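Heads up, the thing below is written out as structure tokens.
Residue numbers (mature numbering (1 follows the signal peptide of the UniProt record, and there is no 0)): -28 to -1, 1 to 703.
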């Protein structure tokens, strides 16, 4: 029945296309408006087809038009109803039907910001400490910035904070202001801090850009673009060109940013895999930033969902995964047989409701082997063979070659169908299942044709979900410290851009934009940096570890996957800015704590060089374990299929109410027993510290298994949540 419903749905869209001209003649000047027809709950009948029912209702009222043309969408998963374009008389007829609960206009609700901040409950009217926020400086290590962007104008800003020791060395024709207070570049090829790629402008505006109204991507996802702390100052450190970002430039940027007096550093850059801490320039730079009280927010990486792919693993770094928001950008493909497939792309183009011939890449090339032509590799497609046609490509990147060869559009196989990327021509990426539908249609139809619709934004009630591209744990350097730490919005983010940067990777795409849509952990990283800066405006004396702890223990739980621990995807959960300013308790850590951790993986001489003092490391038998580092999450590795006892030692600091008591609450797991000692933590003063032990006893489980539990300290107001992860790892 589900397949039958899907066929009816796609057949309806086929009818929609064929009846377009007839509709115009039939209704003439008649005014149709979008309405929602609410039918209540879904019937508990397995044979019930909501779509068939909805089409049947419309058939009884629609005048002078096809039913399919009237139907906008059908609601059929959680409740029953549909949206349709109706005349006043049709609306009135529907409203009088017995099975109809209500009929009401589908009004336009303006999206606020890029949607990501509002999705986190962080609206423009949130309580702010404006004066302190204006004293916060975010250092952005990236591709530079476009200084003339509205996101970086300084209207209403006073002089730079007195603590600022930086400079505006942005190069020729680069001017700073009281918002963009500093700029430096560390690229030999480009002697300017000006952003010619777009990435740096995007991340800087996400973290601390001004509120800019009426921003959209060619009319798609309109709203107000703003950063997390719009009153904060920005200092940019350009280290990247199109060729990449060198390690030496990274360290140079950290070196200057720390000395310049920034408060938070955001760096959406990283290697393809984790490196030992002493050869990782980001870990090194961030360690020294930590020494000066500066928290570094770093992207987890874009190599997911591969296990162990997270590249940012240093315990003193806030490692940020990417997740979705409740706004999803989709793009539909309508096959000539009536099938409608929902894909993912940011497609601002329209083919005007007409179907066009399809051709597979392998059939559109006379100069490449079939496997390369099939994925539409560069230089493979013949212009004469693709002219006026939609090219089907076995890889998403084939859209660039399709555009270059002059194809009318492209249907692409996407390995990340949960993400919509900007395309240079009418194109969309389909999941493996839907792409095979297209290929089957292509191979079984004499003259296959299709249409690609312009992208639209829909509500995604399943959000937040970890993005498929977001790099996963476990931590390859410190397996007993969970990485990533948290997740933040990183899918389809609209923010400032460079007008001279390419909108897509196609050289033939000559569009110029001041604001564009990007996805990646590069986008989630500045979200977390903005929230960290927000916390600092309320708690300027908190250490980087305390800020990080507050973000982790107040994060919202997320849904994992059936085959992989969610903590390796999103860490402690999805960032919650409002709760993070009042966490109740924090797991703090000092430079000395990190030194003790370094003693586990480095020899004493190296540790001394790093610490800059006469630090000594315990003897081998006394070095301890990374699991005992005072982290806000708890993880341990055990031997497969053997009984185990694991004890965690933690210290918490009271930053909530002076006179308070927290009770331990455990979300248990049947595979082991958990005990907390003491079960109640009592405090008499603010900033008072106390310790506790958490012990896990289990009978053992198979190699490669991961078992999850949760600890929450609760005082009646604050819920201080920490994930617990026990992994069975063989030698």
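Ideal placement from N, C-alpha and C gives every residue a C-beta, glycine not left out. As the structure is a prediction and not an experimental result, all values here were calculated from the model.
Residue i - DSSP class collapsed to helix/strand/coil
i	result
residue 405	helix
residue 639	strand
residue 688	coil
residue 571	helix
residue 63	helix
residue 466	strand
residue 270	strand
residue 54	strand
residue 646	strand
residue 601	coil
residue 175	helix
residue 81	Residue confidence is low: residue 81 scores 23 on pLDDT, short of 50, so the model does not pin down where it sits. Its coordinate-derived value is still stated next. Three-state result, residue 81: coil.
residue 370	helix
residue 189	strand
residue 609	strand
residue 700	strand
residue 380	coil
Euclidean distance between Cα positions of residue i and residue j
i	j	result
residue 130	residue 305	51 angstroms
residue 460	residue 27	40 angstroms
residue 355	residue 378	6 angstroms
residue 544	residue 234	27 angstroms
residue 395	residue 42	29 angstroms
residue 265	residue 287	15 angstroms
residue 658	residue 632	9 angstroms
residue 504	residue 315	35 angstroms
residue 79	residue 3	For residue 79, the pLDDT reaches just 47, beneath the cut-off of 50, and the residue's location in the model is therefore unreliable, although a value from the coordinates is still provided. So the alpha carbons of these two residues sit roughly 16 angstroms apart.
residue 215	residue 172	15 angstroms
residue 220	residue 567	24 angstroms
residue 685	residue 636	5 angstroms
residue 58	residue 39	10 angstroms
residue 516	residue 506	13 angstroms
residue 67	residue 73	8 angstroms
residue 1	residue 8	Any answer about residue 1 is weak, because its pLDDT of 43 lies below 50 and its placement is not dependable; what the coordinates show is given next. Their Cα atoms are separated by approximately 22 angstroms.
residue 381	residue 407	15 angstroms
residue 328	residue 473	31 angstroms
Residues that DSSP places opposite residue i in a beta bridge
i	result
residue 622	664
residue 695	682
residue 301	429
residue 217	212
residue 155	140, 208
residue 332	364
residue 117	166
residue 423	306
residue 312	306
residue 418	BP columns for residue 418 are empty, so no partner.
Check whether residue i and residue j have beta carbons under 9 angstroms apart
i	j	result
residue 384	residue 402	yes
residue 485	residue 498	no
residue 560	residue 291	no
residue 197	residue 606	no
residue 318	residue 393	yes
residue 211	residue 225	yes
residue 623	residue 668	no
residue 110	residue 206	yes
residue 443	residue 274	yes
residue 246	residue 284	yes
residue 570	residue 553	no
residue 537	residue 445	yes
residue 575	residue 601	no
residue 414	residue 332	yes
residue 361	residue 330	yes
residue 132	residue 153	yes
residue 144	residue 121	no
residue 680	residue 666	no
residue 436	residue 296	yes
residue 373	residue 338	no
residue 116	residue 33	no
residue 762	residue 192	As displayed, the chain neither begins before -28 nor continues past 703, which places residue 762 out of reach and without an answer.
Anticipated Cβ contact below 8 angstroms, residue i with residue j, distance rounded
i	j	result
residue 625	residue 692	Not really, about 11 angstroms apart at Cβ, beyond 8 angstroms.
residue 180	residue 195	The Cβ separation is near 18 angstroms, so there is no contact.
residue 213	residue 263	Actually they are not in contact, since the Cβ atoms of residue 213 and residue 263 sit about 30 angstroms apart, beyond 8 angstroms.
residue 614	residue 672	5 angstroms
residue 271	residue 478	Rounded, the Cβ-Cβ distance is 25 angstroms, inconsistent with contact.
residue 563	residue 250	At roughly 16 angstroms, the Cβ-Cβ gap does not stay under 8 angstroms, so residue 563 and residue 250 are not in contact.
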